[in-house]
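Residue numbers (the numbering used here): 153 to 626. Here's the structure, in structure tokens; my notes come after.
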Amino acid sequence: MAAISKPIAAAQQRRFDTQQLQALDSAHYMHPFTDSAALAKKGARIIVRGEGVYIWDSEGNKIFDAMSGLWCVNVGYGRKSLADAAYRQMLELPYYNSFFQTTTEPSVRLAKLLSEVTPPQFNRVFFSGSGSEGNDTVVRLVRHYWSCLGHPQKKVIISRWNGYHGSTMAGASLGGMEGMHQQGGLPIPDITHIQQPYWFEIGRTQYPHLSKDAFGIEAASWLEKKILEVGAENVAAFIGEPVQGAGGVIIPPKTYWPEIQRICDKYGILLVTDEVICGFGRTGQWWGCETVGCKPDLMTFAKGVTSGYIPLGGVMVSDKVADVVIRHGDFNHGYTYSGHPVAAAVAIENINIVRNENLVDKVRLETGPYLKQKFEALIDHPLVGEAETCGFMAGLVLVKSKAPIAMFDSALEAGMVCRGHCFASGLIMRAVGDRMIIAPPLVTTQSQIDEMIALIRKCLDLTYADVKSRGWLG
Ligand code: PXG
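As structure tokens, this is what we get:
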């Protein structure tokens, strides 16, 4: 990692008035997915600086960011060349659009670069400002595609419970988060869900006679059942995250996605992988679809395309879909920031970093296997009922007892207790129910993995002592 740059060193010197910022925050700032009243009582933690895999808060605490921000800071914090790329482009041309038969150099070059780093069926991209907008684009694009082919009734999109596809009306509808559906009258029409391929929660308990691989085939068969229920003539597409991220790093059995592919092919249904988290090396291949073994017609991306340094998202469109849509004239869809030149310039530099530093190969061949070995060894902890990784995504399940496995009462929120200990110990690890998850920056070294695992063990020990003293272990 390069030496700390001057502006970062200057930020280190700055003093922050934590209490004042917290008061202003609670008076004026509505946070996403947050109980604002509860947060106001506590005060938000103010993050002021980042370098490599670490961030610092306004009180000077150093924190290991094992979540890469929100699954996005893949090349780590403090990369001067990304800031330089934005600065240069802002001076030259801070904005122009691609609507009225115009384009910009960085957006064209990025489109070409994306066609190089994606599977061979992809040679075209539609840009958006985020993953949610990318998935809105998917909904409009697949329905328009079938309409162009003379099948306007082929509109239904099948997705999965506990999938996450964003927060816009279409994104949240595609997602399978019931708490989101309950607010704002979702899902929108013609989106329907099947159950997720989650072995530990569903396979192990409801299909104990099946092996994990056999459960993968069973879980894929739910797609076929749904297609037959809705009528293949009405189904436009299936969408899923290769590995579910926000749902808790749910790694499907290896049989699942090839079977999903077979079913989509059999019924002539478009296959969409949402690569917003899995893309750009997170799973140890450039794309999650390559890791899980399927060939999508469309792929949504965001986050890792710029390592989160600036907002950008989009949809990779296969030749099969693009050729039909392009033959039929205008696609009446687009965002002010589609192909934003500054975001594109940052993305180009970011992808060059990923390539030049061989980050994808490193995760697949070196640091990913090392993380797997260390993280999966956490299974020896009395609180851990399952621990698994895929590339640089990992999840473990907190259990009340291990033989036989017994879960904590979900109302106790054991995961939040553990998250609290992580927060206090200088580690960002997320809780999704009682599943504790990480997705560290792809630049994390072996010694940093050791440091992170030691922190996780410490926090598991603190959690164990805590839940024991609360009498939760029975
Ligand atoms: N698809 C996937 C797979 C995502 O993970 C989106 C789409 C939406 O992207 P935008 O850029 O519109 O946010 C995401 C976003 C969490 C969490 O709790 C995850 C995301 C966003 C917010 C919270 O893990 N992922």
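Heads up, the beta-carbon is just placed ideally off N, CA and C, and yes, glycines get one too.
Looking at the structure shown, is residue i part of a helix, part of a strand, or coil, going by DSSP?
i, result
"Ala389", "strand"
"Asn226", "coil"
"Val277", "strand"
"Asp169", "coil"
"Glu376", "helix"
"Thr255", "coil"
"Glu211", "coil"
"Ser220", "helix"
"Trp298", "helix"
"Ala175", "helix"
"Met153", "Residue confidence is low: Met153 scores 44 on pLDDT, short of 50, so the model does not pin down where it sits. No coordinate-derived value is stated."
"Met242", "helix"
"Leu265", "helix"
"Tyr247", "coil"
"Arg622", "coil"
"Ala583", "strand"
"Arg609", "helix"
"Leu362", "coil"
"Gly204", "strand"
"Thr452", "strand"
"Ile589", "strand"
"Ile369", "helix"
"Ser311", "strand"
"Ile198", "coil"
"Cys441", "helix"
"Tyr616", "helix"
"Gly286", "helix"
"Lys447", "coil"
"Val260", "helix"
"Met182", "coil"
What do you reckon, is the C-beta of residue i under 8 Å from a heavy atom of ligand 1?
i, result
"Leu450", "no"
"Pro593", "no"
"His492", "no"
"Gly283", "yes"
"Pro184", "yes"
"Ala398", "yes"
"Tyr152", "Residue 152 falls outside the range modelled here, since the chain spans only 153 to 626, and no answer is possible."
"Trp298", "no"
"Leu362", "no"
"Trp223", "yes"
"Tyr316", "yes"
"Asp586", "no"
"Arg582", "yes"
"Glu393", "yes"
"Thr443", "no"
"Pro463", "yes"
"Ile429", "yes"
"Asn484", "no"
"Asn287", "yes"
"Lys629", "Only positions 153 to 626 of the chain appear in this structure, which leaves residue 629 out of reach."
"Gly623", "no"
"Gly323", "yes"
"Asp426", "yes"
"Thr458", "no"
"Ser220", "no"
"Thr320", "yes"
Rounded to whole angstroms, how far is the Cβ of residue i from the Cβ of residue j, which I believe are closer than 8 Å?
i, j, result
"Ser621", "Gly585", "Their Cβ separation, rounded to whole angstroms, is 22 Å, which puts Ser621 and Gly585 out of contact at 8 Å."
"Asn314", "Gly399", "4 Å"
"Phe216", "Glu528", "With a Cβ gap of about 19 Å, Phe216 and Glu528 do not count as contacting."
"Phe168", "Ile199", "The pair is not a contact, with the Cβ atoms about 10 Å apart (cut-off 8 Å)."
"Pro405", "Lys364", "5 Å"
"Leu550", "Leu535", "5 Å"
"Ile590", "Ala546", "5 Å"
(message) Report the start-end ranges of each alpha helix (DSSP H) in the stretch 499–581 that is 4 residues or longer and not cut off at the edges.
(response) Along the stretch 499–581, the alpha helix (DSSP H) occurs as fully enclosed runs of 4 or more residues at 511–514, 520–528, 566–576, listed in sequence order.
(request) Please go through the stretch 458–503 and give each complete beta strand (DSSP E) segment of 3 or more residues, from N-terminal end onward. (result) Runs found: 465–470.
(message) Runs of 3 residues minimum, wholly inside the stretch 378–427: which ones carry the beta strand (DSSP E) assignment?
(response) Considered as a whole, the stretch 378–427 harbours 387–392, 422–426 as its complete beta strand (DSSP E) runs of no fewer than 3 residues, in chain order.
(message) Taking contact to mean 3 or more Cβ pairs, one atom from each stretch, closer than 8 Å, check whether the stretch 513–524 and the stretch 589–601 are in contact.
(response) Cβ pair count under 8 Å is three or more, so yes.
(message) At 4 residues or longer, what runs of the alpha helix (DSSP H) sit wholly inside the stretch 313–356?
(response) Here the runs fully enclosed are 321–326, 330–333.
(request) Determine, using beta-carbon pairs with one atom in the stretch 569–577 and one in the stretch 162–181, whether at least three such pairs fall under 8 Å. (result) Pairwise C-beta distances place the stretch 569–577 out of contact with the stretch 162–181, as fewer than three of them are shorter than 8 Å.
(message) For the stretch 576–591 against the stretch 494–506, do three or more pairs of beta-carbon atoms, one drawn from each stretch, fall closer than 8 Å, so that the two count as touching?
(response) The answer is no - the stretch 494–506 does not touch the stretch 576–591, with fewer than three Cβ pairs under 8 Å.
(request) Evaluate the contact criterion for the stretch 375–395 versus the stretch 432–450: three or more CB pairs, one atom per stretch, below 8 Å. (result) With three or more CB-CB distances shorter than 8 Å, the stretch 375–395 counts as touching the stretch 432–450.
(message) Using 8 Å as the cut-off, can you tell me whether the stretch 371–383 makes contact with the stretch 338–350, which would need three or more C-beta pairs spanning the two stretches below that distance?
(response) Below 8 Å, enough C-beta pairs join the stretch 371–383 and the stretch 338–350 to call them touching: three or more.
(message) For the stretch 288–301 against the stretch 454–463, do three or more pairs of beta-carbon atoms, one drawn from each stretch, fall closer than 8 Å, so that the two count as touching?
(response) As far as the Cβ criterion goes, the stretch 288–301 does not touch the stretch 454–463, which means the pair count is below three.
(message) Pairs of beta-carbons, one from the stretch 189–208 and one from the stretch 222–232, closer than 8 Å: are there three or more?
(response) Yes: the two stretches touch, three or more of their Cβ pairs being nearer than 8 Å.
(message) Count Cβ pairs between the stretch 501–510 and the stretch 248–258 that sit closer than 8 Å; are there 3 or more?
(response) Here the stretch 501–510 makes no contact with the stretch 248–258; the two share fewer than three CB pairs at distances below 8 Å.
(message) Below 8 Å, how does it come out for the stretch 319–330 and the stretch 280–295: are there three or more Cβ pairs, yes or no?
(response) Flag = yes, the stretch 319–330 and the stretch 280–295 touch.
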